[in-house]
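Here the structure comes first, spelled out in structure tokens, and everything after it is commentary.
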């Protein structure tokens, strides 16, 4: 953890993610206004002491909406990444452990799935199961799971065909033991870094889907939908779009930089020599 | 004297290869002897050593250890072979897991093969045997030099008190000065533990002070076999002569090589 904070990318990443997490946690306990209270008389108010970022068309407080939106973003990013890991990692292990013919077949299957746009998959799922934050997150997770499988499988192969795995075999280790003690720890850094990047991608995908109306339904605040709702103002008051857009940038950049930082400190070649 | 390894007409063809990588090859290894398997890269020497250890299935032929075939061993028989035969590899940077501490690396074979042994004291004992301080147990491989890593690899291999140590190019990734130290260590340990040694190498200079008998391999076959001293003094096969001529002269070998040339 200390090493992560010493790393420039890691430090900035941790700070940005911390801001978003703090916003989400704060919104659970307190928001300046109830972001769901509609007051048409107070529509499109300019920023003031009472409404830090002004109000939207229906008079809802924008700052409160953004705070609550952090919950949606983090929650759906975590769910999507959990789905991606839960499906992608076993799939990677299966690709790696099955005989070459079956493995080649599975790899082509994964390639085809990667080629299938996640957005369209999400739209299909949302139209079948109804629009919700969680349906969208599961769809994004499904799309990301094949990417996880594709990138983790070669890492598993590399560790499994390594000299230390051979020596473990020569010491009588079972293939399960080798997986647990040698392959997973050595492929672990790739997995962690990859999953952090998927967090970034999922946060962005949730915002995109909500923006298009396939993600979080009204009235729950979501950064993507807030952005869409602010859009009519782009010609008259473009600055109101800045806040939700900036929030999305912060969370995506935060996770990406965190991933970069983790990659730097987890790679033994770039790690400091004394722990 | 008892025979440990019997290699009988072993062949190996890798999947998709047009010709055999190995064989047919037959040889035997007697208990207490030090055997060198010599050849250039691609000669099949590493393939042969992997097959002898039961780590690679042969395409044809049989390898027996004390009369038991080494392939497809299961359960107690497999553990028994693993305990009796241990392996040291060429590249100590690749053969030690970067995520394990030295203590755990050395302890791994003990934990698998010798349950109930007090691991901590045994690891300290093994590190001492390879002239490393017990404090090394807490370090990670990337904090160690190449020579120290290879000592760790040797300590690990000695853990289960094997009868045979198979060393595949154990010093060729190391600096020349470190090579001499590791070879001295191997010789001392082999004497002290009454080990049978199978040394796989491309370098005759390394083999001559350590091995009684040598097998010269070329293109997957054994082309010459005999006492190492005789082989060096009077090579019969043209390939062996070629191999001898290519040995860079280390200072202490000047005399011998001078005679050959």
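Protein chains in written order, with the working numbering: chain A, 506 to 780; chain B, 20 to 280.
Backbone N, C-alpha and C fix where the C-beta goes; we use that ideal spot for every residue, glycine too.
Inset, instruction - Determine which residues share a DSSP beta bridge with residue 25/B and list them. - result: Translated into positions along the second chain, residue 25/B becomes position 6. In DSSP, residue 25/B forms a bridge with 47/B, 83/B.
Inset, instruction - Check the Cβ-Cβ distances between residue 769/A and every residue of chain B, and say whether any is below 7 Å. - result: Mapped onto the first chain, residue 769/A falls at position 264. Judged by the 7 Å Cβ criterion, residue 769/A is not in contact with chain B.
Inset, instruction - Using a cut-off of 7 Å between C-beta atoms, extract the partners of residue 106/B located in chain A. - result: Looking up residue 106/B in the second chain gives position 87. Correct list: 672, 675.
Inset, instruction - Would you mind sorting residue 170/B into buried or exposed? The rule is 16 or more other CB atoms within 10 Å of its CB. - result: In the second chain, the residue the question calls residue 170/B occupies position 151. Label assigned to residue 170/B: buried.
Inset, instruction - Output the distance between the C-alpha atoms of residue 676/A and residue 101/B, rounded to the nearest integer angstrom. - result: If you number the first chain from 1, residue 676/A lands on position 171. If you number the second chain from 1, residue 101/B lands on position 82. For residue 676/A and residue 101/B, the distance between alpha carbons rounds to 6 Å.
Legend entry - Start-end ranges of the beta strand (DSSP E) lying completely within the stretch 99–142 of chain B, minimum 3 residues: 104–107
Inset, instruction - Work out the CA separation of residue 672/A and residue 180/B for me, nearest whole Å. - result: Reading the second chain from its first residue, position 161 is the one you call residue 180/B. Reading the first chain from its first residue, position 167 is the one you call residue 672/A. So the alpha carbons of these two residues sit roughly 16 Å apart.
Legend entry - Cβ of residue 56/B within 7 Å of any chain A Cβ: As a position in the second chain, residue 56/B is number 37, starting the count at 1. So, not an interface residue.
Legend entry - Cross-strand partners of residue 246/B (DSSP beta bridge): For the purposes of this step, residue 246/B is identified with residue 227 of the second chain, where counting begins at 1. Its beta-bridge partners are 232/B.
Inset, instruction - Name the two residues that bound the continuous beta strand (DSSP E) containing residue 187/B. - result: In the second chain, counting from the first residue as 1, residue 187/B sits at position 168. Counting along the chain, the beta strand (DSSP E) containing residue 187/B begins and ends at 183–187.
Inset, instruction - Establish whether the CB of residue 737/A and some CB of chain B are separated by less than 7 Å. - result: Here residue 737/A corresponds to residue number 232 of the first chain, with the count starting at 1. It does not: the Cβ of residue 737/A has no partner Cβ on chain B nearer than 7 Å.
Inset, instruction - Figure out for me which residue from 582/A, 612/A, 719/A has the closest Cα to the Cα of residue 637/A. - result: Taking the first chain and counting its residues from 1, the one referred to as residue 637/A is at position 132. Of the candidates 582/A, 612/A, 719/A, the one whose C-alpha sits nearest the C-alpha of residue 637/A is 719/A.
Inset, instruction - With a threshold of 16 other CB atoms inside 10 Å of the CB of residue 228/B, please say whether the residue is buried or exposed. - result: For the purposes of this step, residue 228/B is taken as the residue at position 209 of the second chain. Label assigned to residue 228/B: exposed.
Inset, instruction - Leaving aside the five residues before and after residue 752/A along the sequence, list all residues of the same chain whose C-beta is less than 6 Å from its C-beta, in chain order. - result: As a first step, residue 752/A is located in the first chain; it is residue number 247 there, counting from the start. Excluding residues within five positions, the ones whose Cβ falls inside 6 Å are 571, 728.
Legend entry - Test: residue 132/B CB closer than 7 Å to a CB of chain A: Numbered from 1 along the second chain, position 113 holds the residue referred to as residue 132/B. Yes, its Cβ sits closer than 7 Å to a Cβ of chain A.
Inset, instruction - With DSSP as the reference, label residue 676/A as helix, strand or coil. - result: By one-based count along the first chain, residue 676/A stands at place 171. If DSSP states are grouped into helix, strand and coil, residue 676/A belongs with coil.
Inset, instruction - Could you tell me the boundaries of the alpha helix (DSSP H) in which residue 747/A lies? - result: Against the first chain, residue 747/A aligns to sequence position 242. Start and end: 744–771.
Legend entry - CA-to-CA distance, residue 200/B to residue 207/B, given in whole angstroms: Numbered from 1 along the second chain, position 188 holds the residue referred to as residue 207/B. Numbered from 1 along the second chain, position 181 holds the residue referred to as residue 200/B. Going by the C-alpha atoms only, they are around 11 Å apart.
Inset, instruction - Please decide whether residue 85/B counts as near chain A, where near means a Cβ-Cβ distance under 7 Å. - result: Stepping through the second chain from its first residue, residue 85/B is reached at position 66. Judged by the 7 Å Cβ criterion, residue 85/B is not in contact with chain A.
Inset, instruction - Leaving aside the five residues before and after residue 532/A along the sequence, list all residues of the same chain whose C-beta is less than 7 Å from its C-beta, in chain order. - result: Residue numbering aside, residue 532/A sits at position 27 when the first chain is read from its first letter. Counting only Cβ-Cβ distances below 7 Å, and skipping sequence neighbours, we find 572, 573, 575, 576.
Inset, instruction - Find out if the Cβ-Cβ distance for the pair residue 760/A, residue 712/A is shorter than 7 Å. - result: Position 255 of the first chain, counted from the first residue, corresponds to residue 760/A. Position 207 of the first chain, counted from the first residue, corresponds to residue 712/A. No, the pair does not count as a contact, with Cβ atoms beyond the cut-off.
Legend entry - Contact check, residue 696/A vs residue 586/A, beta carbons under 7 Å: One-based indexing of the first chain puts residue 696/A at position 191. One-based indexing of the first chain puts residue 586/A at position 81. No, they are not a contact pair.
Legend entry - 7 Å CB neighbourhood of residue 778/A in its chain, flanking five on each side removed: Translated into the one-based positions of the first chain, residue 778/A becomes position 273. Residue placement at residue 778/A is flagged as unreliable, the pLDDT there being 42, under the threshold of 50; a coordinate-derived value is accordingly withheld.
Legend entry - Separation of residue 157/B from residue 13/B, as counted between CA atoms: Nothing about residue 13/B can be reported from this structure: the residues present for chain B run from 20 to 280 only.
Inset, instruction - Give a yes or no on whether 7 Å exceeds the smallest Cβ distance from residue 32/B to chain A. - result: On the second chain, position 13 is the one that residue 32/B refers to. No, residue 32/B lies away from the interface with chain A (no Cβ there is under 7 Å from its Cβ).
Inset, instruction - Please decide whether residue 777/A counts as near chain B, where near means a Cβ-Cβ distance under 7 Å. - result: Reading the first chain from its first residue, position 272 is the one you call residue 777/A. Only weak support is given to the placement of residue 777/A: the predicted model assigns it a pLDDT of 48, under 50, and the value that follows is read from those uncertain coordinates. For residue 777/A, the answer is no, since every Cβ of chain B falls outside 7 Å of its Cβ.
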